[in-house]
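In what follows, a structure is listed as C-alpha cells, so that the remarks can point back to it.
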Amino acid sequence: MSSMRLDTGHAGSPRLSGRKTRFPFSHTFNGALKHIALGIKNLYCKFMDFLAPGWESKQIGVCIDGARSMTGRAIGFATRLQKDLLSGLMRTLCGSHQFKLAIKKDFHCQCEDYPFIT
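Quick note on numbering: the numbering used here labels position 117 of the sequence shown as 460, and the sequence is numbered without any gaps.
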C-alpha cells in the first residue's frame, strides 16, 4: 500500500480527504520479521505519532482480537505497547470476536453440522 486516505471526524485531527497522502510508514513487511507483534507495535506507534503526536500519555486502552500475537503475555502487541506507554493500558477483546467465540462454544454441535459457522 503506497498511499492512504485519512478522514477522521475528530476535532483537531488531520483532515486529508480529497487528496492522497503518503504516510512515512506505508510499506509492507518483507517476511524477515521474527516477531510479528513487534512489527505491529512499531507500525502502530508510527501511525499514532503521525495521527496524534503525544498519544503515549493519553491512550488508556486498546481493543484486540485475541490472537496470540496480539495478547501474548511476554511479547504480544498489547504487552509490548503496555510496557512503552506512560499511563496504564486497559485491554479489551473486540466485541465481534467475543461474540464469535461465545457462539462457537454454545453451539459447538451446530458448527460441526454447518461448516460456514467458523
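Positions of the beta carbon are idealized from the N, C-alpha and C atoms, including for glycine.
Cα separation between LYS384 and LEU424?
By 1-based counting over the sequence shown, the position of residue 384 is 41. By 1-based counting over the sequence shown, the position of residue 424 is 81. When rounded, the distance between both Cα atoms is 7 Å.
Kindly indicate which three-state DSSP category ARG416 falls into: helix, strand or coil?
Here residue 416 corresponds to residue number 73 of the sequence shown, with the count starting at 1. ARG416: coil per DSSP, three-state reduction.
What is the DSSP secondary structure of GLY438, reduced to helix, strand or coil?
The sequence position of residue 438 within the sequence shown is 95, counting from 1. Reduced to three states, the DSSP call for GLY438 is helix.
From the DSSP output, which residues share a beta bridge with GLY404?
Residue numbering aside, residue 404 sits at position 61 when the sequence shown is read from its first letter. According to DSSP, which records beta bridges pairwise, GLY404 is partnered with MET433.
Please identify the residue among PRO396, LEU429, THR422 and LYS448 whose C-alpha is closest to the C-alpha of ARG411.
Position 68 of the sequence shown, counted from the first residue, corresponds to residue 411. For the residues PRO396, LEU429, THR422 and LYS448, the minimum Cα distance to ARG411 belongs to THR422.
Can the beta-carbon of GLN402 be found closer than 8 Å to that of LEU381?
Residue 402 sits at position 59 when you count from the first residue of the sequence shown. Residue 381 sits at position 38 when you count from the first residue of the sequence shown. Not a contact, by the Cβ cut-off of 8 Å.
What did DSSP end up calling ALA380 once you bin it into helix, strand or coil?
Within the sequence shown, the letter at position 37 stands for residue 380. In this structure, ALA380 counts as helix in the three-state DSSP scheme.
Just mark PHE372 as buried or exposed, buried being the case when its beta carbon has 16 or more other beta carbons within 10 Å.
Residue 372 sits at position 29 when you count from the first residue of the sequence shown. Because the pLDDT of PHE372 is 46, which lies under 50, any placement of that residue in the model is unreliable, and the number read from its coordinates should be weighed accordingly. Exposed, since its Cβ has fewer than 16 Cβ neighbours within 10 Å.
May I have the straight-line CA-CA distance separating LEU444 from TYR387, to the nearest angstrom?
Sequence index remark: in the sequence shown, residue 444 carries index 101 (1-based). Sequence index remark: in the sequence shown, residue 387 carries index 44 (1-based). Cα to Cα, LEU444 sits roughly 26 Å from TYR387.
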